[in-house]
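Listed in order, the protein sequences are those of chains A and B.
For the first sequence, this note's numbering begins at 1 and goes up steadily by one.
For the second sequence, this note's numbering begins at 107 and goes up steadily by one.
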Amino acid sequence: MNTQFKKGVLELCVLSLLSRGDRYGYELADTIGKSIDVSEGSIYPLLKRLKNEGCFEVYLKESATGPARKYYRLTQKGADTQKQLAREWKEFSNSVSGILGGEQDE
Amino acid sequence: MNKNEFLNELERSLASLPAEERREIINDFQEHFQAGAENGKTEAQLCEELGDPKSCAAQYLAEQRPVRPEAATPPVQNANVQRPPVRPAQPAAKQGYYGTRPLPAADRRSDTAWSVAFILLVLAAFVVYPTACAFMLAPLPIIFLSSMIMQAAPGALGIVFTVSICTAFFTAGLLMLVLMSVLLKKSYKKSSF
């Protein structure tokens, strides 16, 4: 898959997962890596950029088994970005589906 | 590849980032390996899933690029500190978002300015380089004429005079050469050629 395309989708995936609750880096990477064929390493640069853009806050939380983990919490700005990207994605995938459907009809 | 190899490679590739930022990134990956191990994954498995550390580092560096003009900006101290958006605000623009991400306008502007500067400098080089060479060669005829100067101001004074003029011309020529070359190199690198 085209990397630029993947990047945009990845951002939407991260924001959408976080819109359903706070998570730490490994959870995000693992969840996304299981369903999409991406290098999980590229999630971390993305997390850093979105944090710098103010899409989420970061806090440390003790884990039962090991050292404290870095959790990500969506900010209002992050939630707004998620909504906008989700809308764009739906429009985009509808358009593509439309074209694919048209192809089948012929 | 194991955890240490991955982290070493990543850290090496991030060498151009401030130490504080580099440490933060390495910490994130250390946490990833830790959490992965708790989920029963081996280091080799985790490395495989993470992919190439070099391309990972390249992504960090690419995101660093647009803020580079204000190199004086201190590294992020607190995890909660929010820096101004690195990405230019570009709402809607469906094709733009899922397609190629355009360069920020400010970046393109400065690229153009440097390109113009480079062309001007190349033109100037046609004048500057011969002049610099002439300056550097000037001591030769001066020494040739020094016998006349010696007649006008005999003794040590004449020698000091000749030597200082020769040194001045040579240094000026050398400075011109070096300065011009440095400027050319810099503008070429900054321009979009």
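No residue lacks a Cβ here, since even glycine has one placed at the ideal position from N, Cα and C.
- Leaving aside the five residues that flank Ala262/B on each side, none in its chain has a CB nearer than 7 Å to its CB.
- Counting along the chain, Val269/B sits inside the alpha helix (DSSP H) bounded by residues Ala262 to Lys296.
- Our two residues, Gln140/B and Asn94/A, have alpha carbons roughly 40 Å apart in a direct line.
- Linking Thr148/B to Glu155/B through their CA atoms gives a straight-line distance of about 11 Å.
- Per the coordinates, the alpha-carbon of Ser287/B lies some 39 Å from the alpha-carbon of Ile132/B.
- In chain B, no part has a C-beta under 8 Å from the C-beta of Glu62/A; the shortest such distance is about 13 Å.
- The straight-line gap separating the alpha-carbon atoms of Leu246/B and Gly264/B is approximately 16 Å.
- Here Leu123/B carries a coil assignment [DSSP, helix/strand/coil].
- Against chain B, a Cβ distance below 8 Å from Gly25/A picks out Asp134, Glu137, His138 and Ala141.
- For Lys83/A, the nearest beta carbon of chain B is not closer than 8 Å to its own beta carbon.
- As DSSP reads the structure, Val38/A sits in no beta bridge.
- Listed by position along chain A, the residues whose Cβ is nearer than 7 Å to that of Glu155/B are Gly33 and Glu40.
- In this structure, the alpha-carbon of Thr277/B lies about 55 Å from that of Met107/B.
- Put simply, the CB of Gly66/A is near chain B, with a gap under 8 Å to one of its CB atoms.
- Of the residues Thr268/B, Leu227/B and Phe112/B, the one whose Cα lies closest to the Cα of Phe250/B is Thr268/B.
- Counting only residues of its own chain and dropping the five nearest sequence neighbours on each side, Lys6/A has a CB closer than 7 Å to the CB of Val38.
- With respect to Leu280/B, Met242/B sits close: the two C-beta atoms are nearer than 8 Å.
- CA-to-CA, the gap between Phe56/A and Leu74/A works out to about 4 Å.
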